[in-house]
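Following: one structure in C-alpha coordinates, then a few remarks.
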Amino acid sequence: YQQKILLKNKYKRSFQSISVEGTATPGNPVPLTINLFNPLSANEGYILAMSLGNTPGFTYQNYNIPLNFDILFSLSVFFPTIINLQNSIGSLNNNGEFFATWQIPSWFPSGLTVYFAFVTVNSEGQITYASPATPLTIS
1 YQQKILLKNK YKRSFQSISV EGTATPGNPV PLTINLFNPL SANEGYILAM
51 SLGNTPGFTY QNYNIPLNFD ILFSLSVFFP TIINLQNSIG SLNNNGEFFA
101 TWQIPSWFPS GLTVYFAFVT VNSEGQITYA SPATPLTIS
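Residue numbers (the numbering used here): 1 to 139.
The following block contains the structure:
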(Lines of atoms letter the chains of each structure in order from A; the text may use other names.)
(Lines give C-alpha, C1' and ligand atoms only; values in the text may rest on other atoms or scores of the structure.)
Protein backbone atom coordinates (compact mmCIF):
# COMPACT_ATOMS: atom_id res chain seq x y z
CA TYR A 1 0.00 0.00 0.00
CA GLN A 2 2.76 2.48 0.87
CA GLN A 3 4.54 1.79 -2.42
CA LYS A 4 1.39 2.73 -4.36
CA ILE A 5 1.20 6.04 -2.50
CA LEU A 6 4.83 6.82 -3.29
CA LEU A 7 4.31 6.06 -6.97
CA LYS A 8 1.18 8.17 -7.00
CA ASN A 9 2.98 11.13 -5.39
CA LYS A 10 5.90 10.77 -7.78
CA TYR A 11 3.50 10.80 -10.71
CA LYS A 12 1.70 13.87 -9.41
CA ARG A 13 4.95 15.78 -8.98
CA SER A 14 6.02 15.07 -12.55
CA PHE A 15 2.59 15.48 -14.14
CA GLN A 16 3.15 19.01 -15.48
CA SER A 17 6.64 20.34 -15.42
CA ILE A 18 9.59 22.21 -16.82
CA SER A 19 12.99 20.59 -16.55
CA VAL A 20 16.27 22.13 -17.63
CA GLU A 21 19.30 20.08 -18.66
CA GLY A 22 22.80 21.35 -19.36
CA THR A 23 25.33 23.80 -17.96
CA ALA A 24 24.00 27.30 -17.29
CA THR A 25 27.12 29.18 -18.35
CA PRO A 26 27.11 32.38 -20.44
CA GLY A 27 28.63 31.82 -23.88
CA ASN A 28 28.57 28.02 -23.58
CA PRO A 29 28.34 26.71 -27.18
CA VAL A 30 26.11 23.84 -26.00
CA PRO A 31 22.59 25.16 -25.35
CA LEU A 32 20.44 24.21 -22.37
CA THR A 33 17.54 21.90 -23.17
CA ILE A 34 14.23 22.97 -21.66
CA ASN A 35 11.66 20.17 -21.52
CA LEU A 36 8.02 21.23 -21.25
CA PHE A 37 5.59 18.51 -20.15
CA ASN A 38 1.83 18.53 -19.68
CA PRO A 39 0.04 15.39 -20.91
CA LEU A 40 -3.37 16.99 -20.36
CA SER A 41 -2.50 19.54 -23.06
CA ALA A 42 -1.21 17.15 -25.74
CA ASN A 43 -1.19 18.75 -29.20
CA GLU A 44 -2.10 22.19 -27.82
CA GLY A 45 -0.04 25.29 -28.42
CA TYR A 46 2.47 26.51 -25.86
CA ILE A 47 4.37 29.68 -25.08
CA LEU A 48 7.54 29.46 -22.97
CA ALA A 49 8.58 32.68 -21.25
CA MET A 50 11.36 33.84 -18.96
CA SER A 51 11.58 36.55 -16.33
CA LEU A 52 13.97 38.06 -13.80
CA GLY A 53 11.41 37.47 -11.04
CA ASN A 54 8.37 35.38 -10.20
CA THR A 55 6.63 37.61 -7.66
CA PRO A 56 4.05 39.07 -7.94
CA GLY A 57 3.52 37.75 -11.49
CA PHE A 58 0.35 38.78 -13.27
CA THR A 59 -3.11 37.50 -14.16
CA TYR A 60 -4.18 36.88 -17.74
CA GLN A 61 -7.39 35.12 -18.83
CA ASN A 62 -8.04 34.24 -15.17
CA TYR A 63 -4.70 32.40 -14.88
CA ASN A 64 -1.87 33.46 -12.60
CA ILE A 65 1.26 33.73 -14.74
CA PRO A 66 4.09 33.34 -12.19
CA LEU A 67 6.52 35.63 -14.02
CA ASN A 68 7.05 39.37 -13.76
CA PHE A 69 6.38 41.41 -16.86
CA ASP A 70 9.95 42.71 -17.23
CA ILE A 71 12.50 43.16 -20.04
CA LEU A 72 13.48 39.45 -20.05
CA PHE A 73 9.82 38.44 -20.25
CA SER A 74 9.28 40.76 -23.23
CA LEU A 75 12.40 39.51 -25.01
CA SER A 76 11.55 35.84 -24.43
CA VAL A 77 7.99 36.21 -25.76
CA PHE A 78 8.33 38.80 -28.52
CA PHE A 79 12.01 38.59 -29.59
CA PRO A 80 13.33 35.22 -28.36
CA THR A 81 16.16 34.98 -30.92
CA ILE A 82 17.81 38.10 -29.41
CA ILE A 83 18.52 36.05 -26.28
CA ASN A 84 19.18 32.79 -28.23
CA LEU A 85 15.94 31.13 -27.08
CA GLN A 86 14.74 28.61 -29.70
CA ASN A 87 11.36 26.84 -30.05
CA SER A 88 9.76 28.92 -27.31
CA ILE A 89 6.43 28.98 -29.16
CA GLY A 90 4.89 25.93 -30.81
CA SER A 91 2.72 22.89 -30.17
CA LEU A 92 3.18 20.11 -27.65
CA ASN A 93 3.47 16.65 -29.20
CA ASN A 94 1.05 13.71 -28.76
CA ASN A 95 2.60 12.98 -25.35
CA GLY A 96 2.20 16.58 -24.18
CA GLU A 97 5.86 17.52 -24.32
CA PHE A 98 8.25 19.66 -26.29
CA PHE A 99 11.88 20.69 -26.10
CA ALA A 100 13.09 24.26 -26.37
CA THR A 101 16.74 25.30 -26.22
CA TRP A 102 18.54 28.30 -24.78
CA GLN A 103 22.12 29.15 -25.57
CA ILE A 104 22.88 31.68 -22.86
CA PRO A 105 24.39 34.81 -24.44
CA SER A 106 27.95 35.64 -23.36
CA TRP A 107 26.75 39.02 -22.05
CA PHE A 108 24.38 37.41 -19.50
CA PRO A 109 25.69 38.10 -15.97
CA SER A 110 26.82 35.17 -13.83
CA GLY A 111 24.95 34.76 -10.56
CA LEU A 112 21.67 35.96 -12.07
CA THR A 113 18.59 33.84 -11.40
CA VAL A 114 16.02 33.63 -14.19
CA TYR A 115 12.62 31.96 -14.09
CA PHE A 116 10.89 29.86 -16.75
CA ALA A 117 7.16 29.20 -17.05
CA PHE A 118 4.87 28.17 -19.87
CA VAL A 119 1.22 28.33 -20.77
CA THR A 120 -0.73 26.06 -23.07
CA VAL A 121 -3.41 27.45 -25.35
CA ASN A 122 -6.26 25.80 -27.22
CA SER A 123 -7.19 26.37 -30.86
CA GLU A 124 -9.27 29.43 -29.87
CA GLY A 125 -6.24 31.04 -28.22
CA GLN A 126 -7.55 30.52 -24.68
CA ILE A 127 -5.10 29.55 -21.97
CA THR A 128 -5.75 26.04 -20.66
CA TYR A 129 -2.80 25.74 -18.24
CA ALA A 130 -0.13 27.94 -16.65
CA SER A 131 2.92 26.19 -15.17
CA PRO A 132 4.66 27.10 -11.94
CA ALA A 133 7.87 29.10 -12.34
CA THR A 134 11.14 27.14 -12.47
CA PRO A 135 14.29 29.02 -11.34
CA LEU A 136 17.70 28.71 -12.96
CA THR A 137 20.82 30.43 -11.66
CA ILE A 138 23.43 31.36 -14.27
CA SER A 139 26.86 30.08 -13.19
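A virtual CB, placed ideally from N, CA and C, is assigned to each residue, including glycine.
Given a threshold of 16 other Cβ atoms within 10 Å of its Cβ, counted over all protein chains shown, does residue i qualify as buried or as exposed?
{"i": "residue 139", "result": "exposed"}
{"i": "residue 135", "result": "exposed"}
{"i": "residue 93", "result": "exposed"}
{"i": "residue 91", "result": "exposed"}
{"i": "residue 104", "result": "buried"}
{"i": "residue 123", "result": "exposed"}
{"i": "residue 82", "result": "exposed"}
{"i": "residue 116", "result": "buried"}
{"i": "residue 120", "result": "buried"}
Using only the alpha-carbon positions, how far apart do residue i and residue j sit?
{"i": "residue 29", "j": "residue 128", "result": "35 Å"}
{"i": "residue 132", "j": "residue 53", "result": "12 Å"}
{"i": "residue 80", "j": "residue 31", "result": "14 Å"}
{"i": "residue 51", "j": "residue 64", "result": "14 Å"}
{"i": "residue 71", "j": "residue 27", "result": "20 Å"}
{"i": "residue 118", "j": "residue 25", "result": "22 Å"}
{"i": "residue 33", "j": "residue 48", "result": "13 Å"}
{"i": "residue 84", "j": "residue 35", "result": "16 Å"}
{"i": "residue 16", "j": "residue 75", "result": "24 Å"}
{"i": "residue 159", "j": "residue 46", "result": "In the structure as shown, the chain begins at 1 and stops at 139. Residue 159 is therefore absent and cannot be evaluated."}
{"i": "residue 126", "j": "residue 67", "result": "18 Å"}
{"i": "residue 73", "j": "residue 137", "result": "16 Å"}
What are the boundary residues of the beta strand (DSSP E) that includes residue i?
{"i": "residue 124", "result": "Note, residue 124: premise wrong, no beta strand (DSSP E); not H, not E."}
{"i": "residue 135", "result": "134-137"}
{"i": "residue 17", "result": "17-21"}
Below 8 Å, can you find three or more Cβ-Cβ pairs linking the segment 41-52 to the segment 80-98?
-> Flag = yes, the segment 41-52 and the segment 80-98 touch.
Where are the alpha helix (DSSP H) runs, 4 residues long or more, that stay fully inside the segment 30-115, in chain order?
-> 71-78
Sufficient close CB pairs (3 or more, under 8 Å) joining the segment 59-77 to the segment 103-111 | The segment 59-77 is not in contact with the segment 103-111.
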